[in-house]
Amino acid sequence: MKKHVQLFALALSVSLCACGGTASTPTSGSTPAQTANETEAPVSEIAAESEAPAIESVAETEAPTTESATETAESTQEETSEGRETPAVVEKPTSGETSEGEETPAAVERPASRETLDGEETPAAAESDTADETLQAEQGSAGQSGPGGTPPDGNGGPGGTPPDGNGGPGGSAPGGAPGSSSSADIDYTGAVEITSAETQTGEYYISATSDESALLIATSENVKIEEPVVTKSGDSDGGDNCNFYGLNAAMLVKDGGTTTITGGKVFSQAEGANGVFSYGGNGGQNGAAGDGTTVIIRDTVIDTYGNGSGGIMTTGGGVTNAYDLTVTTSGQSSAPIRTDRGGGTVVVDGGTYTSNGLGSPAIYSTASITVSNATLVSNLSEGVCIEGLNSITLTDCDLTANNTKCNGNATFYDTIMIYQSMSGDADSGTSAFTMTGGSLTSKNGHVFHVTNTDAVITLENVTIVNEDADNILLSVCADGWSGADNTATLNASSQKLAGQILVGDDSTLTLSLTDGSSFEGSIGGSITNASGAEVSTKVGTVSVTLDSSSTWTLTADSYVTEFSGDKTNVNTNGYTLYVNGEAF
């Protein structure tokens with residue numbers, strides 16, 4: 254039976270990091286909301302010119318308008334891209350009759366704005382009855398860094414943490430040793446809680462309380478949520494509990510059931526507040542089976558603004574199947590399609606997924622992720638990132654990235670980053686990136702970058718557009734992490750490749766061209782990173798294989814260790830190919 258949620262009038266801040274207010278009190282069958290822990294929003298994380306999309310009146314049941322970023326985000330990690338308007342009042346219908354003839358509470362009003370310490374205006378925080386507390390900046394997924402600093406997504410590990418993951422030295426979580434926390438240690442709460450089979454339609458779920466979800470679904474039974482309006486504020490300093498186990502998520506699904514979400518919108522503007530979180534219950538044990546928790550979500554709009562706040566998030570062996578979503582994120586460590594420790598399975602078909610924050614690729618994989626027929630955009634970070642023994646498969650997708658700022662330990666700009674942070678968020682092993690059809694547009698830096706892992710890249714009939722002046726297709730070399738070799742295999746089938754391939758003196762590449770593929774470019778080992786520092790001066794170990802239908806046209810002198818194929822398929826173009834030191 255559908256449960257209707259009565260919401261008392263309350264003051265709710267909807268700033269980027271807003272806290273305070275009280276959550277709604279659900280009717281029979283739902284757990285009463287908790288009183289908000291009102292805290293002052295941290296000003297250091299809010300860019301004065303960062304604007305969030307307006308949320309239309311819920312009475313009009315329209316999805317929030319999200320204006321696309323018109324410019325790439327500024328070079329400081331706190332800033333998000335321009336063009337996103339500050340959220341307007343998140344209103345509920347004024348007192349009166351709903352479509353079903355039942356009264357709903359009046360609108361939730363937005364407090365007036367205040368000035369930041371730098372004199373820049375940010376949305377105001379709600380007043381606390383006790384004392385204002387300033388939450389720690391970048392707490393969503395950025396923890397304490399381990400030796401060597403943090404990687405492109407900001408949480409420590411030997412050599413740092415991943416571009417969108419979270420990690421610590423030798424596998425410990427940021428701010429804690431391995432096993433320092435687990436889902437069993439968490440007291441999960443939700444403004445509305447569903448604990449048995451149920452269908453709810455057109456309901457509003459609002460939480461302004463730290464560490465509380467707006468909607469918590471904790472059941473082994475099937476649940477259907479149709480046309481929801483989910484609003485989450487209230488920052489968390491829960492660190493890994495947010496990243497691994499779903500604490501403070503706008504909508505959290507756990508305990509083994511299947512939840513189907515259709516339409517509606519999810520709006521999160523808090524630190525550590527992922528949009529829709531599927532937690533599979535394996536306690537963060539990489540490779541372990543989950544408990545069956547499955548989220549099926551389609552035609553939903555998800556907007557997140559805080560750090561550590563991905564769009565759809567899957568961990569602990571959970572399963573997420575997403576169809577035709579519109580997901581936009583603006584915070585650091587906030588990939589629109591995001592996974593973390595314990596992994597899981599993610600299948601996405603259709604939709605648009607856009608990130609605007611630092612360390613926030615469009616996809617971050619510590620799991621098995623398959624995406625088809627989607628548009629993927631990263632306006633500041635890598636396009637996609639794979640960590641360790643995990644994979645991303647793209648089919649007929651359009652991926653565009655403009656990575657213009659390095660994060661954490663990363664020293665290269667790139668669009669496809671494949672690496673291992675040794676943080677414990679992903680097991681070590683062969684990483685796999687497979688792309689068939691579609692387009693790959695790299696606006697800045699290297700198209701592919703492999704470091705500190707063994708990676709297999711498979712391309713078939715992909716339109717690759719490299720807009721960077723250096724025209725580097727692939728680099729395999731040392732970067733900001735250590736503990737493993739830099740090894741890559743690039744398999745091209747019916748594929749056109751162009752640009753420089755760079756293999757560091759401590760690195761290995763196997764290149765195979767088949768089924769009418771072509772490569773117009775060079776292979777060498779002279780490598781400098783984004784800051785101009787020298788990484789390598791000579792080429793490492795390189796093996797090249799051409800089948801009888803494939804060709805290589807040199808654009809500079811090139812150096813390989815081994816060549817297999819017909820010499821007539823190599824057009825030296827006035828340059829020299831050296832095989833194991835001898836002219837070919």
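All residue numbers for the sequence shown refer to this note's numbering, where the first residue is 254 and numbers rise by one. Beta carbons are placed, not taken as given, at the ideal position from N, Cα and C, and that holds for glycine.
The beta carbon of Ile555 lies closer than 6 Å to those of Val519, Gly528, Gly564, Val580 in the same chain, with the five residues before and after it left out. In this structure, the alpha-carbon of Ser587 lies about 34 Å from that of Gly778. Taking a cut-off of 8 Å for Cβ pairs, the segment 642–652 and the segment 762–781 do not touch, as fewer than three such pairs fall below it. With a cutoff of 8 Å on beta-carbon distance, Ser618 and Ile645 are scored as near each other.
Thr808 places its beta carbon less than 8 Å from that of Asn826.
By the beta-carbon neighbour count (other beta carbons within 10 angstroms, threshold 16), Thr821 is exposed.
For Leu505, the CB contacts under 6 Å within the same chain, skipping 5 residues up- and downstream, are Ser466, Leu469, Gly499, Phe530 in chain order.
In this structure, Trp734 lies away from Asn660, with their beta-carbon atoms at least 8 Å apart.
In the DSSP secondary-structure assignment, Lys507 is bridged to Ala471. 8 Å or more divides the Cβ of Gly561 from the Cβ of Cys638. Using a Cβ distance threshold of 8 Å, Arg594 and Thr568 count as a contacting pair.
Of the residues assessed, Gly752 falls on the buried side of the cut-off, its CB having 16 or more other CB atoms within 10 angstroms.
Taking C-alpha positions only, Ser684 is separated from Leu642 by approximately 5 Å. By the criterion of a C-beta distance shorter than 6 Å, Val729 is surrounded in its chain by Val703, Asn739, Ala741, Val756, Ser760, Leu762, once the five residues flanking it on both sides are discounted. Residues of the same chain with a CB within less than 8 Å of the CB of Ala541, apart from the 5 flanking positions on each side, are Asn535, Gly570, Gly595 in chain order. Within the segment 794–821, no complete alpha helix (DSSP H) segment of 4 residues or longer occurs. DSSP places Tyr458 within a strand segment (E or B) once states are collapsed to three.
The shortest C-alpha to C-alpha distance from Ser489 to any of Thr664, Gly636, Ile439, Glu815 is the one to Ile439. Burial state of Val718 is exposed, judged by a 10 Å Cβ sphere holding fewer than 16 other Cβ atoms. The three-state reading of DSSP puts Ser631 in strand, counting E and B together. In this structure, the CA atom of Thr592 is about 6 Å from the CA atom of Ala620. Per DSSP, the continuous alpha helix (DSSP H) segment holding Asn494 begins and ends at 493–498.
DSSP places Ser489 outside both helix and strand once states are collapsed to three, so it counts as coil. For Ile447, the closest of Thr623, Asn632, Thr511 by C-alpha to C-alpha distance is Thr511. Note on geometry: alpha-carbon atoms of Lys749 and Asn714 lie some 7 Å from one another.
In the structure shown, Asp438 adopts helical secondary structure according to DSSP, grouped into three states. Gln585 and Phe816 have their alpha carbons spaced roughly 43 Å apart. Remark: C-beta atoms of Ile590 and Thr553 do not approach each other more closely than 8 Å. The beta carbon of Asn697 sits closer than 6 Å to the beta carbons of Asn655, Asn656, Thr657, Tyr666, Asp721 from its chain, once the five residues preceding and following it are set aside; these are given in chain order. Leu743 is not a Cβ neighbour of Gly691, given a cutoff of 8 Å. Secondary structure of Asn782 (DSSP, three-state): coil. Per the coordinates, the alpha-carbon of Glu635 lies some 18 Å from the alpha-carbon of Thr711. In the three-state scheme derived from DSSP, where H, G and I count as helix and E and B as strand, Arg591 is classed as strand. Phe837 carries a coil assignment under DSSP once its states are collapsed to helix, strand and coil. The beta carbons of Asp508 and Ser473 sit closer together than 8 Å. Restricting attention to Val601, Ala731, Thr790, Thr806, the CA atom closest to the CA of Leu766 is found in Thr806.
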